[in-house]
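Asker:
Numbering (my numbering), first residue to last: 40 to 346.
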């Protein structure tokens, strides 16, 4: 093989890898509840701790492909048992312009700022040996995206779920349901919910999980014009620092409207436990209630271990 051929082959491989990375970031997607899954959990960030994500997500149906990315998520354990939440997203739409689905899914491609997400996670009931943890993650979607271009709804809309979690050895079960409230023309309120089972596969290094997620029809304006039930698989890969992770997920519908989901992101966590000095870690002896002698919730959630 000549030098020119080798260089051409290397450039071709690099182009394919770059395309693959871009493809993962712009696969069709509308929402992600608990990164990287669509199901969330009732576990807030520890009091005085922080989380940050850089991610791309996608959701697509035969009507339209919607994607978010790059997007930035920030969570703060502001007070015991309560986490404040913010997502600053860029995103786009790719209408199919398929005559079968007209007038839905018609128009040009668009990219820009989409609706900003704010909210709070509140843990009502702590997990016990015989009872799951219970909480809510209420979200307020602010109309920052241009609704005339399909990048936003044009009004404030809401997500009101109830989530549960139970740890059993190396297994963690999350589940729940909620209602999305969208007071806008051509949109409708719709339910969503499901359950997620995940496991610590390689201790402190790799966690894998699978979920069943369903949502109702969302109206004539979104890509999700009919209800859909999906099965997704994903996980977390912990780098040398356990507070730095790679998150990934991919799934497809098994009932209802054909739909594809994907998530790819990076995660960081940091903070100091209240009442202690020095860098926090997952073996902290002060939990998010400020109680001494119990492992921190954030550490349990990140490592997928039973308290």
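Glycine included, every Cβ here is placed at the ideal spot set by N, Cα and C.
#1: Residues in the same chain with beta-carbon distance under 6 Å from residue 201, minus the five sequence neighbours each way, listed in chain order, please.
#2: Confirm, please, whether the CB-CB distance from residue 110 to residue 121 is below 8 Å.
#3: If we ignore side chains and look at the alpha-carbon of each, how far apart do residue 278 and residue 103 end up?
#4: DSSP three-state label for residue 188, please.
#5: Name the DSSP bridge partner or partners of residue 234?
#6: Out of curiosity, what's the CA-to-CA distance linking residue 220 and residue 192?
#7: Going by DSSP, name the residue or residues bridged to residue 94.
#8: Taking the C-alpha atoms as reference points, what is the distance between residue 183 and residue 233?
#9: Looking only at C-alpha atoms, which of 269, 284, 286, 195 sits nearest to residue 158?
#10: To the nearest angstrom, how far is it from the Cα of residue 86 to the Cα of residue 312?
#11: How long is the line joining the alpha carbons of residue 153 and residue 226, rounded to whole angstroms?
#12: Label residue 208 either buried or exposed according to how many other C-beta atoms from any shown protein chain fall within 10 Å of its C-beta, with 16 as the threshold for buried.
#13: What number of angstroms, rounded off, separates the C-alpha of residue 117 from the C-alpha of residue 135?
#14: Can residue 288 and residue 271 be called in contact, C-beta distance under 8 Å?
#15: Under 6 Å Cβ to Cβ from residue 115, same chain only, skipping five residues before and after it: list those, please.
#16: Under three-state DSSP, which class holds residue 139?
#17: With distances taken between CB atoms, is the gap from residue 250 to residue 274 smaller than 8 Å?
#18: Spatial neighbours of residue 309 within its chain, please: C-beta separation below 6 Å, excluding the five flanking residues on both sides.
#19: Would you grab the beta carbon distance between residue 177 and residue 296 for me? Rounded to a whole angstrom, and I think it's under 8 Å.
#20: Could you have a look at residue 242 and say whether DSSP puts it in helix, strand or coil?
#21: Run through the DSSP bridge pairs and tell me what residue 206 is partnered with.
#22: Per DSSP, which residues does residue 294 bridge with? Please list them.
#23: Do you know how far the Cα of residue 171 is from the Cα of residue 239?
#24: Looking at residue 269: is its Cβ nearer than 8 Å to the Cβ of residue 290?
#25: Would you mind stating whether residue 106 and residue 131 have Cβ atoms separated by less than 8 Å?
#26: Where does the unbroken beta strand (DSSP E) through residue 149 begin, and where does it stop?
#27: Give me whichever residues DSSP pairs with residue 104 in a beta bridge.
#28: Under the rule that 16 or more other beta-carbon atoms within 10 Å means buried, what is residue 329, buried or exposed?
#29: My guess is that residue 217 and residue 74 are in contact by the Cβ rule of under 8 Å, so how many angstroms apart are they, rounded?
Answerer: Once the coordinates are examined:
#1: Translated into positions along the chain shown, residue 201 becomes position 162. Cβ neighbours of residue 201 beyond the five flanking positions: 175, 215.
#2: One-based indexing of the chain shown puts residue 121 at position 82. One-based indexing of the chain shown puts residue 110 at position 71. At the C-beta level, residue 121 and residue 110 stay beyond 8 Å of one another.
#3: Along the chain shown, one-based indexing puts residue 278 at 239. Along the chain shown, one-based indexing puts residue 103 at 64. A straight-line Cα-Cα distance of about 35 Å links residue 278 and residue 103.
#4: Here residue 188 is taken as the residue at index 149 of the chain shown, counted from 1. When secondary structure is reduced to three states using DSSP, residue 188 falls in the helix class.
#5: Within the chain shown, numbered from 1, the residue matching residue 234 stands at position 195. Answer is 214, 251, bridged to residue 234.
#6: Taking the chain shown and counting its residues from 1, the one referred to as residue 220 is at position 181. Taking the chain shown and counting its residues from 1, the one referred to as residue 192 is at position 153. One Cα belongs to residue 220, the other to residue 192, and the distance between them is close to 12 Å.
#7: To locate residue 94, count along the chain shown from 1; it is residue 55. Looking at the DSSP assignment, residue 94 forms a beta bridge with 110, 304.
#8: Residue 183 sits at position 144 when you count from the first residue of the chain shown. Residue 233 sits at position 194 when you count from the first residue of the chain shown. Those two C-alpha atoms are separated by around 29 Å.
#9: Working through the chain shown from its first residue, we reach residue 158 at position 119. Cα-wise, what sits closest to residue 158 is 195.
#10: Here residue 86 corresponds to residue number 47 of the chain shown, with the count starting at 1. Here residue 312 corresponds to residue number 273 of the chain shown, with the count starting at 1. Those two C-alpha atoms are separated by around 7 Å.
#11: Position 114 of the chain shown holds residue 153. Position 187 of the chain shown holds residue 226. Just so you know, the alpha carbons of residue 153 and residue 226 end up roughly 16 Å apart.
#12: Position 169 of the chain shown, counted from the start, is the residue given in the question as residue 208. Exposed.
#13: Start at 1 with the first residue of the chain shown, and residue 117 comes out as number 78. Start at 1 with the first residue of the chain shown, and residue 135 comes out as number 96. Distance between the alpha carbons of residue 117 and residue 135: 43 Å.
#14: For this step, residue 288 is matched to residue 249 along the chain shown. For this step, residue 271 is matched to residue 232 along the chain shown. Result yes, Cβ atoms of residue 288 and residue 271 sit closer than 8 Å.
#15: For the purposes of this step, residue 115 is taken as residue 76 along the chain shown, with counting starting at 1. Excluding positions up to five away in sequence, the list reads 89, 123.
#16: Taking the first residue of the chain shown as 1, we reach residue 139 at position 100. Correct three-state label for residue 139: helix.
#17: Position 211 of the chain shown holds residue 250. Position 235 of the chain shown holds residue 274. No; because the gap between Cβ atoms is not below 8 Å, this pair is not in contact.
#18: Taking the first residue of the chain shown as 1, we reach residue 309 at position 270. Shown here for residue 309: same chain residues with a beta carbon closer than 6 Å to its own, the five before and five after excluded, namely 89 in chain order.
#19: Here residue 177 corresponds to residue number 138 of the chain shown, with the count starting at 1. Here residue 296 corresponds to residue number 257 of the chain shown, with the count starting at 1. The pair is not a contact, with the Cβ atoms about 27 Å apart (cut-off 8 Å).
#20: Stepping through the chain shown from its first residue, residue 242 is reached at position 203. Here residue 242 sits in coil by DSSP.
#21: Reading the chain shown from its first residue, position 167 is the one you call residue 206. Assignment of beta-bridge partners to residue 206 by DSSP yields 211.
#22: Indexing the chain shown from 1 puts residue 294 at position 255. Note: residue 294 sits in a beta bridge opposite 268.
#23: Residue numbering aside, residue 239 sits at position 200 when the chain shown is read from its first letter. Residue numbering aside, residue 171 sits at position 132 when the chain shown is read from its first letter. One C-alpha to the other measures close to 19 Å.
#24: As a working mapping, residue 269 is identified with position 230 in the chain shown. As a working mapping, residue 290 is identified with position 251 in the chain shown. Yes, the pair counts as a contact, with Cβ atoms nearer than the cut-off.
#25: Residue 106 sits at position 67 when you count from the first residue of the chain shown. Residue 131 sits at position 92 when you count from the first residue of the chain shown. Yes; because the gap between Cβ atoms is below 8 Å, this pair is in contact.
#26: Mapped onto the chain shown, residue 149 falls at position 110. Counting along the chain, residue 149 sits inside the beta strand (DSSP E) bounded by residues 149-152.
#27: Here residue 104 refers to the residue found at position 65 when the chain shown is read from its first residue. DSSP lists 99, 133 as partners of residue 104.
#28: By one-based count along the chain shown, residue 329 stands at place 290. Low confidence applies here, because residue 329 scores a pLDDT of 41, under 50, leaving its location unreliable; read the following figure in that light. Looking at its Cβ environment, which holds fewer than 16 other Cβ atoms inside 10 Å, residue 329 is exposed.
#29: Residue mapping note: residue 217 aligns to position 178 of the chain shown, counting from 1. Residue mapping note: residue 74 aligns to position 35 of the chain shown, counting from 1. Beta-carbon to beta-carbon, residue 217 and residue 74 are separated by about 17 Å, too far to satisfy the 8 Å threshold.
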